[in-house]
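Below is one structure; the comments refer to it alone.
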Amino acid sequence: MNYSVVVDVTLREGIADPEGATIERALPALGFSGVSDVKAGKMFRLTIEAESEGEAREKAGALAERLLSNPVIEDAHVRVAEVAR
Amino acid sequence: MKRVGVVVFPGSNCEHDAVAALSSVGAAAELVWHTVKSLAGFDAIVLPGGFAHGDYLRPGALARFSPVMEAVSRFANEGGPVLGICNGFQVLAEAGLLPGALQKNVGLTFLCQPTTLIVTSTNSALTSGATIGQELVIPINHFSGAYTCDDATFERINERGQVVLRYRDNPNGSRGDIAGLANERGNVVGLMPHPERAMSTLTGSADGRVLLESFVMASVLA
Chain A
90 MNYSVVVDVT LREGIADPEG ATIERALPAL GFSGVSDVKA GKMFRLTIEA
140 ESEGEAREKA GALAERLLSN PVIEDAHVRV AEVAR
Chain B
2 MKRVGVVVFP GSNCEHDAVA ALSSVGAAAE LVWHTVKSLA GFDAIVLPGG
52 FAHGDYLRPG ALARFSPVME AVSRFANEGG PVLGICNGFQ VLAEAGLLPG
102 ALQKNVGLTF LCQPTTLIVT STNSALTSGA TIGQELVIPI NHFSGAYTCD
152 DATFERINER GQVVLRYRDN PNGSRGDIAG LANERGNVVG LMPHPERAMS
202 TLTGSADGRV LLESFVMASV LA
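Note that the protein sequences, when read in sequence, are chains A and B. For what it's worth, the working numbering labels the leading residue of the first sequence as 90, then goes sequentially. For what it's worth, the working numbering labels the leading residue of the second sequence as 2, then goes sequentially.
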């Protein structure tokens, strides 16, 4: 079975996010008001072959922690959906 | 004569400067390709600056899985002197050989300028020949040089004297003005500034010499 997996990688709470801060500062100049807490991150899309959704999730979690994110500064969040074929 | 290996990843670009600088302080320096699996015969190892594996994903994130890194880990754990300069520091942090991580500079600007560093510990392979409080002018050349770590790690590295160099005027938002950091034993050291580019007053500063001289003199820890 193939599973479509999305991994969101975001900076951990308390870690400085200069990219998010810069975007937030730029918004008022473009006429957008009332926007706060802008956080920048990365998104990865993968297709994972696995027996079950749980197995796909486990595999994605392991590779997200080992490679896609640096656990010292980042959190990884895994979303899994079955691919219809 | 000490034999120093300078590791070359695809995308490294400071390896020849490192070899020239190490040679000028009396080492027999040679390049080591990143697929090598043994570092037998070397007295010290340098991970030079550049953009290993294109810095894709995060600086150092892919380089830490290069075959040579297992040998570098073993060498470090056996007490061998290991130095990471700029990108090399990022690789050592990603590999877990040094605590914490290097983040994008505050201000999101690539910085290429001389910086003044203050020696804050001499308990490391890189700073053993310097004096505490000594000021060194050494250039930086990076986009991701802001050191960061959690509070417990920050307290620990400060208490144990692992912070070996601090910026006098913090250019990049680095936590605690940290420019250079050692592991607990002091044999593994990383720094964002480029001592190999500060080897002669002809090119602005010779303040890198004291650091690389210390490193070349450093012996394998018991």
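Where a beta carbon is used, it is the ideal one built from N, C-alpha and C, also for glycine.
*asked:* So for A:D164, helix, strand or coil by DSSP?
replied: Numbered from 1 along the first sequence, position 75 holds the residue referred to as residue 164 of chain A. In the displayed model, A:D164 falls within a strand according to three-state DSSP.
*Thinking C-beta only, is B:P49 closer than 8 Å to B:S74?*
By one-based count along the second sequence, residue 74 of chain B stands at place 73. By one-based count along the second sequence, residue 49 of chain B stands at place 48. Taking the C-beta atoms as reference points, B:P49 is found no nearer than 8 Å to B:S74.
*For the region 147-166 of chain A, which residues have a CB atom closer than 8 Å to at least one CB atom of chain B, in sequence order?*
Answer in chain order: L156, L157, N159, V161, I162.
*Give the DSSP bridge partners of A:M132, in chain order.*
Looking up residue 132 of chain A in the first sequence gives position 43. Answer by DSSP bridge pairing, in chain order: A:D97.
_Residue burial classification, B:E16 (beta-carbon count within 10 angstroms, cutoff 16)_ = Along the second sequence, one-based indexing puts residue 16 of chain B at 15. Counting Cβ neighbours within 10 Å, B:E16 comes out buried, since at least 16 surround it.
_Between the CA atoms of A:L152 and B:Y148 - distance to the nearest angstrom_ = The sequence position of residue 148 of chain B within the second sequence is 147, counting from 1. The sequence position of residue 152 of chain A within the first sequence is 63, counting from 1. Taking the straight line from one Cα to the other gives about 25 Å.
*Taking Cβ-Cβ distances shorter than 8 Å, what residues in chain B pair up with A:I104?*
Working through the first sequence from its first residue, we reach residue 104 of chain A at position 15. What A:I104 touches in chain B: Q104, T149.
*Tell me whether A:V172 is buried or exposed, calling it buried when 16 or more other Cβ atoms sit within 10 Å of its Cβ.*
Position 83 of the first sequence, counted from the start, is the residue given in the question as residue 172 of chain A. So A:V172 ends up on the exposed side.
*Within 10 angstroms of its Cβ, does B:C113 collect 16 or more other Cβ (buried), or is it exposed?*
The count along the second sequence starts at 1 and reaches residue 113 of chain B at position 112. With fewer than 16 Cβ atoms within 10 Å of its Cβ, B:C113 is classed as exposed.
*What separation, rounded to the nearest whole angstrom, lies between the Cα atoms of B:E185 and B:D151?*
In the second sequence, the residue the question calls residue 185 of chain B occupies position 184. In the second sequence, the residue the question calls residue 151 of chain B occupies position 150. Going from the Cα of B:E185 to the Cα of B:D151 covers about 17 Å.
_I want to verify the contact list: residues of chain C whose CB lies under 7 Å from the CB of B:L109, in sequence order._
You won't find chain C in this structure, because its protein chains are A and B.
*Tell me whether A:A170 counts as near the ligand FMN, meaning its Cβ is closer than 7 Å to at least one heavy atom of that ligand.*
This structure lacks the ligand FMN; in fact it carries no ligand of any kind.
*Can you tell me which of B:D208, B:K3, B:F52, B:V83 puts its alpha carbon nearest to the alpha carbon of B:A199?*
Taking the first residue of the second sequence as position 1, residue 199 of chain B is located at position 198. It is B:D208.
*Neighbourhood of B:G89 by C-beta, 6 Å cutoff - its chain only, sequence neighbours within 5 removed*: Taking the first residue of the second sequence as position 1, residue 89 of chain B is located at position 88. Here the set comprises L48, P49.
*asked:* Bridge partners for B:I139 per DSSP, in chain order?
replied: Here residue 139 of chain B refers to the residue found at position 138 of the second sequence. Answer is B:T116.
_Nearest-angstrom Cα separation, counted from A:I162 out to B:V7_ = Working through the second sequence from its first residue, we reach residue 7 of chain B at position 6. Working through the first sequence from its first residue, we reach residue 162 of chain A at position 73. Between B:V7 and A:I162, the C-alpha separation is close to 28 Å.
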